[in-house]
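**Q**
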Amino acid sequence: MSIREEFEEREKRFMSPCGCLSAASGGRVRPEPLRSVRTVFQLDRDRILYCNAFRRMKYKTQVFLSPLGDQYRTRLTHTLEVSQIARTIARALYLNEDLAEAIALGHDLGHTPFGHSGETALREIFSDSFAHNEQSLRVVDILENNGKGLNLSCEVRDGILKHAKGYGKIVPDNENEKPCTVEGQVVRFADIMAYLNHDLEDAIRSRVIREDEVPAFCSETLGETHPDRATTMMRDIIFSSRTEDGELILSMSEAVHSAMSTLRQFLYENVYRSHKVHKEFIKAKKILSELYQHFTDHSSQLEQELINLEMGHLMHNGQSYERVVCDFIASMTDRYAMNLYARLFFPSPVV
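The sequence shown begins at 1 in the UniProt record's numbering and counts up by one.
(1) To the nearest whole angstrom, what separates the beta carbons of Leu152 and Arg75, a pair I think is in contact under 8 Å?
(2) If you drop the 5 nearest sequence neighbours on each side, which residues of the same chain put their C-beta closer than 8 Å to that of Pro17?
(3) Inspect the beta-carbon positions of His163 and His116 and report whether they are closer than 8 Å.
(4) Please state whether DSSP places Ile48 in a helix, a strand or coil.
(5) Go to residue 390, then tell me how far its alpha helix (DSSP H) extends in each direction, as first and last residue.
(6) Between the stretch 185–198 and the stretch 126–135, can you find at least three pairs of beta-carbon atoms closer than 8 Å?
(7) Contact check, Val139 vs Ala53 under 8 Å by CB: the rounded distance?
(8) With three or more beta-carbon pairs closer than 8 Å as the criterion, would you say the stretch 174–184 touches the stretch 96–106?
(9) Measuring alpha carbon to alpha carbon, tell me which of Gly19, Arg4, Lys148 ends up nearest Gly312.
(10) Could you have a look at Glu155 and say whether DSSP puts it in helix, strand or coil?
(11) CB-CB under 6 Å to Ala86, same chain, minus the five flanking residues each way: which ones, in chain order?
(12) Can you look up Ile244 in the DSSP assignment and give me helix, strand or coil?
(13) Assess, as a yes-or-no matter, whether the stretch 197–217 is touched by the stretch 266–279 under the definition of 3 or more beta carbon pairs within less than 8 Å.
(14) Out of Asn197, Ala92, Ala203, Ser240, state which residue places its alpha-carbon closest to the alpha-carbon of Thr225.
(15) Would you kindly check if the distance between the Cβ of Leu250 and the Cβ of Val171 is under 8 Å?
(16) Helix, strand or coil for Thr181, going by three-state DSSP, please let me know.
(17) Indicate the three-state DSSP secondary structure (helix, strand or coil) for Arg28 in the structure shown.
(18) If we ignore side chains and look at the alpha-carbon of each, how far apart do Ile89 and Thr243 end up?
(19) Note down, one range per segment and in chain order, each alpha helix (DSSP H) of at least 4 residues found wholly within the stretch 279–331.
(20) State the start and end residues of the unbroken alpha helix (DSSP H) segment that holds Lys12.
(21) Cα separation between Asn146 and Phe328?
(22) Counting only beta-carbon separations shorter than 8 Å, does Ser22 have a partner in chain C?
(23) Starting from Ser274, trace the alpha helix (DSSP H) in both directions and tell me its first and last residue.
(24) Spatial neighbours of Ala259 within its chain, please: C-beta separation below 7 Å, excluding the five flanking residues on both sides.
(25) Which residue's Cα is closest to the Cα of Arg45: Glu11, Arg30, Asn96, Gln71?
(26) Can you name the start and end residues of the alpha helix (DSSP H) that Cys18 belongs to?
(27) Looking only at DSSP bridge pairs, what is Thr61 linked to?
(28) Taking only the alpha-carbon atoms, compute the straight-line gap between Met332 and Leu150 and give it to the nearest angstrom.
(29) Looking at C-alpha atoms only, which residue of Leu248, Ala337, Asp236 is the closest neighbour of Lys283?
(30) Between which two residues does the alpha helix (DSSP H) containing Leu122 stretch?
(31) Would you kindly report the start and end of the unbroken alpha helix (DSSP H) that includes Leu267?
(32) Can you tell me whether Tyr72 is buried or exposed, with buried defined as 16 or more other CB within 10 angstroms of its CB?
Below you can see the structure in the form of structure tokens.
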């Protein structure tokens, strides 16, 4: 018996019947032989961890654009925090930790530079249906590995596609929008738990808001520090979730859910839509819009830039030219976009 097979047998002994067994995976788009050491979801996790798009997240905005302070979160540190929370919840509920971790690590691979302002820009200039969750799936299916994609399992791909919630419910009522695994649903909860905590902390650090402006109900219910709030949220979902008719229903107590909703609303009104953050988002949208237009008109320059990003295959994958430009823009880091913009549009000094 291989190490993988031993681990799959161990899963059957300790995992909840509601969890997704590695041996029960629906497989990959392109069938592959099973490995001797790693399960299907462990392999997915590692493929995501070692891909180019994962590394680029360290220079992509979470909320504050290209922060100079080393303590501010980036898209990468957000992803790692989501992964930690998802694993903690999955472990406590006897679910598949490796599946939850793989989905968490891959959920934001398709995020644009400059956070949601970049996403908004591409909606306006490329397609009003552009969404970072669909772009994340595109990254793992098409953009990575010289156009071959990562060939992830159907459960991880589903979780990546269906992680996004915007300002909607954590677990949607529409079954078509709900992840097919409980682990995928756990990541949706972990995502909001992570960003509520770290976005609040970064907003206070940047003086966009003051600590005493946070609604008292949130502090009293969730706690006044990052560790306290995170612990409260994780503990609440672990002890509030229940099994009905053989299905694990993820839920939270009314008090904690209400406090999270209040904090979410507070952040939207006072941080994400604040003047200080919004004026930088306007600048970011201008940069990406002008880059998009420039490369729409200069195909030879686009091909060279794609080669620099190890994405030269995009010019020959049968996609529309506008789609290729969109993929290029979405794959940039904040600093790459700003440096490229300066090189293209700022005057060069005469030597």
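Each residue gets a CB set at the ideal place from its N, CA and C atoms; glycine is no exception.
**A** From the atom records:
(1) That pair is no contact at about 19 Å.
(2) Hits under 8 Å: Gly246.
(3) Not a contact, by the Cβ cut-off of 8 Å.
(4) Under the three-state reduction of DSSP output, Ile48 falls in the helix class.
(5) No information on residue 390 is available, as it lies outside the stretch 1 to 351 that the chain covers here.
(6) No contact exists between the stretch 126–135 and the stretch 185–198.
(7) Indeed, because the Cβ distance is near 5 Å, the residues count as touching under 8 Å.
(8) The stretch 174–184 is in contact with the stretch 96–106.
(9) Lys148 is the residue among Gly19, Arg4, Lys148 whose C-alpha sits nearest the C-alpha of Gly312.
(10) Collapsing the DSSP output to three states places Glu155 in a helix.
(11) Ala100, Ala104, Val186, Val187, Ala190.
(12) The question names Ile, yet the displayed sequence has Glu at residue 244. If DSSP states are grouped into helix, strand and coil, Glu244 belongs with the strands.
(13) Look at the beta carbons and you see the stretch 266–279 touching the stretch 197–217: at least three pairs across the two are nearer than 8 Å.
(14) Checked all of Asn197, Ala92, Ala203, Ser240; the closest Cα to Thr225 is Asn197.
(15) Taking a C-beta distance under 8 Å as the contact criterion, Val171 and Leu250 qualify as a contact pair.
(16) In this structure, Thr181 counts as coil in the three-state DSSP scheme.
(17) Taken through DSSP and simplified to helix, strand or coil, Arg28 comes out as strand.
(18) In this structure, the straight-line span from the alpha carbon of Ile89 to that of Thr243 is close to 15 Å.
(19) Whole alpha helix (DSSP H) segments, 4+ residues: 299–308, 321–331.
(20) Here the alpha helix (DSSP H) through Lys12 covers 3–14.
(21) When rounded, the distance between both Cα atoms is 14 Å.
(22) No chain C appears in this structure, which consists of one protein chain only.
(23) Annotation: Ser274 is outside any alpha helix (DSSP H) and is labelled neither H nor E by DSSP.
(24) Phe217, Cys218, Thr221, Leu222, listed in sequence order.
(25) Sorting Glu11, Arg30, Asn96, Gln71 by C-alpha distance to the C-alpha of Arg45 places Asn96 at the top.
(26) From DSSP, Cys18 is part of no alpha helix (DSSP H); its letter is neither H nor E.
(27) Thr61 pairs with Thr74.
(28) Each residue's alpha carbon lies about 19 Å from the other.
(29) It is Ala337 whose Cα lies nearest to the Cα of Lys283.
(30) According to the DSSP assignment, Leu122 belongs to the alpha helix (DSSP H) that extends over 115–125.
(31) Element bounds for Leu267: 254–267.
(32) It counts as buried.
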